[in-house]
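Remarks on the structure that follows.
2 protein chains.
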Amino acid sequence: MRISAIGEFALIERIRRILPKPHDALLGIGDDCAALRPTAGRDLLLTTDLLVDEVDFTRQTITPFRLGRKAMGVNLSDIAAMGGLPRAALVTLAIPPEEEIEFVDELYRGLREEGAQFAVEVIGGDLSASATLMIGVTLVGEVEVGKAVTRSGAKPGERIWVTGRLGAAAAGLIALKAGFRLLDDHVETPYEVSGSLQEDIRQAIERHLCPIPRIREGRALAQAGVASAMIDLSDGLASDLTHLCRESGVSATIREDQIPIDQAASAVAQRFAQEPLALALQGGEDFELLFTSSWDPADIVAMFPDAVTVTAIGKVWEAGHGCRLERQDGRAVALAGGYDHFWQQ
Amino acid sequence: MRISAIGEFALIERIRRILPKPHDALLGIGDDCAALRPTAGRDLLLTTDLLVDEVDFTRQTITPFRLGRKAMGVNLSDIAAMGGLPRAALVTLAIPPEEEIEFVDELYRGLREEGAQFAVEVIGGDLSASATLMIGVTLVGEVEVGKAVTRSGAKPGERIWVTGRLGAAAAGLIALKAGFRLLDDHVETPYEVSGSLQEDIRQAIERHLCPIPRIREGRALAQAGVASAMIDLSDGLASDLTHLCRESGVSATIREDQIPIDQAASAVAQRFAQEPLALALQGGEDFELLFTSSWDPADIVAMFPDAVTVTAIGKVWEAGHGCRLERQDGRAVALAGGYDHFWQQ
Chain S
1 MRISAIGEFA
11 LIERIRRILP
21 KPHDALLGIG
31 DDCAALRPTA
41 GRDLLLTTDL
51 LVDEVDFTRQ
61 TITPFRLGRK
71 AMGVNLSDIA
81 AMGGLPRAAL
91 VTLAIPPEEE
101 IEFVDELYRG
111 LREEGAQFAV
121 EVIGGDLSAS
131 ATLMIGVTLV
141 GEVEVGKAVT
151 RSGAKPGERI
161 WVTGRLGAAA
171 AGLIALKAGF
181 RLLDDHVETP
191 YEVSGSLQED
201 IRQAIERHLC
211 PIPRIREGRA
221 LAQAGVASAM
231 IDLSDGLASD
241 LTHLCRESGV
251 SATIREDQIP
261 IDQAASAVAQ
271 RFAQEPLALA
281 LQGGEDFELL
291 FTSSWDPADI
301 VAMFPDAVTV
311 TAIGKVWEAG
321 HGCRLERQDG
331 RAVALAGGYD
341 HFWQQ
Chain R
1 MRISAIGEFA
11 LIERIRRILP
21 KPHDALLGIG
31 DDCAALRPTA
41 GRDLLLTTDL
51 LVDEVDFTRQ
61 TITPFRLGRK
71 AMGVNLSDIA
81 AMGGLPRAAL
91 VTLAIPPEEE
101 IEFVDELYRG
111 LREEGAQFAV
121 EVIGGDLSAS
131 ATLMIGVTLV
141 GEVEVGKAVT
151 RSGAKPGERI
161 WVTGRLGAAA
171 AGLIALKAGF
181 RLLDDHVETP
191 YEVSGSLQED
201 IRQAIERHLC
211 PIPRIREGRA
221 LAQAGVASAM
231 IDLSDGLASD
241 LTHLCRESGV
251 SATIREDQIP
261 IDQAASAVAQ
271 RFAQEPLALA
281 LQGGEDFELL
291 FTSSWDPADI
301 VAMFPDAVTV
311 TAIGKVWEAG
321 HGCRLERQDG
331 RAVALAGGYD
341 HFWQQ
């Protein structure tokens, strides 16, 4: 059934039934505003990210359920990058009236499921008709007073670190553009590929469609006072490191041989004649955390005992040198590139 | 110059220069999240409203500056309807890359100016390319702990009140559809009209394009504990009263002869062969406050000594009768209608 057949207010009622009645809010959906009681001793974090059809995603490659998860996940990642704890979400949806209601159901189920992993509930939002489908999430989080980790605290001499391994999200996008699809948990292939490549492609697409917000890691880094500056990798390592350096007023050098490239990313890149390093540097949406620290490397590594790795990839320098990559042969080259919404790709 | 010529990050820098550096935020634009310190003893209010091109507005009839003011104003009105004080805003903009940069400049000047009237600053947001232009504002406000006025507190026996006079916004829309335009402060007319009608049309269009958020009035009603339930008139009196009654589990009767119809709305309605009462009941976007109260009418009227009027328009009843309009001849009819984003108009 189409949205236009039931109208705005019936659709809101339907969404209210999909979303659990919030435990953590004074007021949820159904009033002019949602309301929350702030936690004493905490600052408030606010972030918003918009996903636009045919710009940030394409309906051919993502189910509405996964789209809901991703829309929530990219915002969770911004809270993680400040060392914060997410609390509640508002969701705005602009959607063509001829769209199926089931699309909306699945989208909100995805939003709910991704949020639930971090005890985040949707407590409000807005709906509008639109020629272009668009999902916006605003997330409210909290962090201990004065403990928010900004982009602007990096100091010369500190090491540059990254969580996890890079390039898989960009590799997933390459595979999607080549016609591979993720259906439930298996890959649909446009032509025969080996079982191990198929598994690599599955992992890469999964990573592209469903980011893993590093909330726990960000919290640990902020609470221990490890990170002097932090950002999440949404535009690509080269671009996001540049943002961090500009806000901190510093330069940076990272070493090619230290950059942790995801194994599936390497395999997919190789198959599609791409440079794995380029996926890590210029490919966006890995949603790992990039941070700077003066701490002893052994102490930082000891904080990450589990599945998530952490790697020192370079050093912070005084302002004036820009962001550079030290190649394996010792030459240093300027880092450039990353995703820009308004430049023709 | 077009947005695509400078790219996303130069556009963000440009927007940062238009917006004043926030006084009231720990962190503004330029980090993964904005940050605020909550005021002790207050609850947090959160609201978001989206304006979509060719759905919620049309570029032919509104300048980007006024569009910015409106996008902020409709959200301020939601904070007013809870009795809250607005604090800070996030803005999301989805815009075609071929759009002129000056459009974006003017839009953010409008957002800034409307916010500044209530000490609200834009402290963050998101930009994306999009085929459809869309402006979303999320507003954070505060209200004394436990004092938020909801839609659900109306009780049988209470009077129903409305601030200001109704119908002007809908009358303005009629005039715009007939080809009248507001340029700066004067009306451009597609054909000759009398000077007094021209002034009525000006007022009505102004009201449609630039809502007046009733922040002070909402605050006064909440702080004095006057209002048991409150909502702002965005969808039209009939529809919004129905929302309030449903959330409160009550019925309502309003009296035709008590509904305060705006003088300009009456004049414009008459000229375009429309029923003034229909504009007040079904026309949306007046952004006045509708509230219920058990207080003595004289005490409520005494709270509004200034330009803004307040009028008792009816009474709350036990559930089961729906929302009714008592006509001048004494007959009671069911109230219906109001704006729905997904129904064909």
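Residue numbers (full-length UniProt numbering), protein chains in the order written: chain S, 1 to 345; chain R, 1 to 345. All C-beta atoms in this analysis are idealised placements derived from N, C-alpha and C, irrespective of residue type, glycine included.
For Lys147 (chain R), no beta strand (DSSP E) segment is defined, and its DSSP state is neither H nor E.
Taking a Cβ-Cβ cut-off of 8 angstroms, Asp286 (chain S) has no neighbours in chain R, whose nearest Cβ is about 14 angstroms from it. Close partners of Arg151 (chain S) in chain R (Cβ separation under 9 angstroms): Gly30, Asp31, Asp32. Interface with chain R (8 angstroms Cβ-Cβ cutoff): Ser248 (chain S) is excluded.
Under the three-state reduction of DSSP output, Val308 (chain S) falls in the coil class, being neither helix nor strand. Residue environment: Leu237 (chain S) is assigned as buried (16 or more neighbouring CB atoms within 10 Å of its CB, all protein chains considered). Burial check for Arg2 (chain R): the Cβ neighbour count within 10 Å stays below 16, so the residue is exposed.
At least one CB of chain S lies nearer than 8 angstroms to the CB of Asp78 (chain R). Chain S places a beta carbon closer than 8 angstroms to that of Arg37 (chain R), counting this residue as a contact. When the five nearest sequence neighbours on each side are left out, the beta carbons in the same chain lying within less than 8 angstroms of the beta carbon of Leu11 (chain R) are those of Ile3, Ile101, Val104, Leu127, in order along the chain.
The shortest CA-to-CA distance from Val74 (chain R) to any of R:Ser248, R:Gly172, R:Pro211 is the one to R:Pro211. Rounded to whole angstroms, the Cβ separation of Ala88 (chain R) and Asp24 (chain R) is 6 angstroms, and the two are in contact under 8 angstroms.
Considering only S:Gln263, S:Ile231, S:Leu50, the residue with the shortest C-alpha distance to Val162 (chain S) is S:Ile231.
Looking at the backbone, the Cα of His208 (chain S) and that of Leu176 (chain S) are separated by about 9 angstroms. In chain order, Ala264 place their CB closer than 6 angstroms to the CB of Gln203 (chain S), counting only its own chain and leaving out the 5 sequence neighbours on each side. Of the candidates S:Thr47, S:Arg14, S:Ala81, the residue whose Cα lies closest to the Cα of Thr138 (chain S) is S:Thr47. The Cβ atoms of Ala154 (chain S) and Thr253 (chain S) lie no closer than 8 angstroms to each other. Contact between the region 257-273 of chain R and the region 309-319 of chain R is present: 3 or more CB-CB pairs across the two stretches fall below 8 angstroms.
Burial state of Ser293 (chain R) is buried, judged by a 10 Å Cβ sphere holding 16 or more other Cβ atoms. Burial state of Gln60 (chain R) is exposed, judged by a 10 Å Cβ sphere holding fewer than 16 other Cβ atoms.
Only those residues of the region 45-59 of chain R whose C-beta falls short of 9 angstroms from the nearest C-beta of chain S are listed: Leu45, Leu46, Thr47, Thr48, Asp49, Leu50, Leu51, Val52, Asp53, Glu54, Val55, Asp56. Counting C-beta pairs closer than 8 angstroms gives three or more between the region 25-35 of chain S and the region 139-159 of chain R, which meets the contact rule. Checking the DSSP bridge columns, you'll see Val91 (chain R) partnered with R:Gly125, R:Val137.
Only residues of its own chain outside the window of five on either side were considered, and among them Thr163, Gly164, Arg165, Pro260 have a CB closer than 8 angstroms to the CB of Thr309 (chain S), listed in chain order. Secondary structure note for Met1 (chain S): it is in no beta strand (DSSP E), with a DSSP letter that is neither H nor E. Burial of Ala229 (chain R) is indicated by the presence of at least 16 other C-beta atoms within 10 angstroms of its C-beta.
In the displayed model, Cys323 (chain S) falls within a strand according to three-state DSSP. Per DSSP, the beta bridge partners of Leu85 (chain R) are R:Glu142.
Ala222 (chain R) sits away from Val122 (chain R), with the two beta carbons spaced by 8 angstroms or more. In the DSSP assignment, the residues bridged to Asp49 (chain S) are S:Val137. Sequence-distant partners of Phe57 (chain R) (beyond 5 residues in either direction) whose C-beta falls short of 8 angstroms from its own C-beta, in its chain, are Leu51, Leu67, Lys70. Your pair Ser77 (chain S) and Pro213 (chain S) checks out as a contact, with CB atoms roughly 4 angstroms apart and the cut at 8 angstroms. Look at Thr132 (chain R): its C-beta is under 8 angstroms from a C-beta on chain S.
Nearest neighbour of Ala169 (chain S) by Cα position, chosen from S:Asp235, S:Ala224, S:Gln117, S:Gly136, turns out to be S:Asp235. For His186 (chain S), the enclosing beta strand (DSSP E) starts and ends at 186-188. Less than 8 angstroms divides the Cβ of Val140 (chain R) from the Cβ of Leu36 (chain R).
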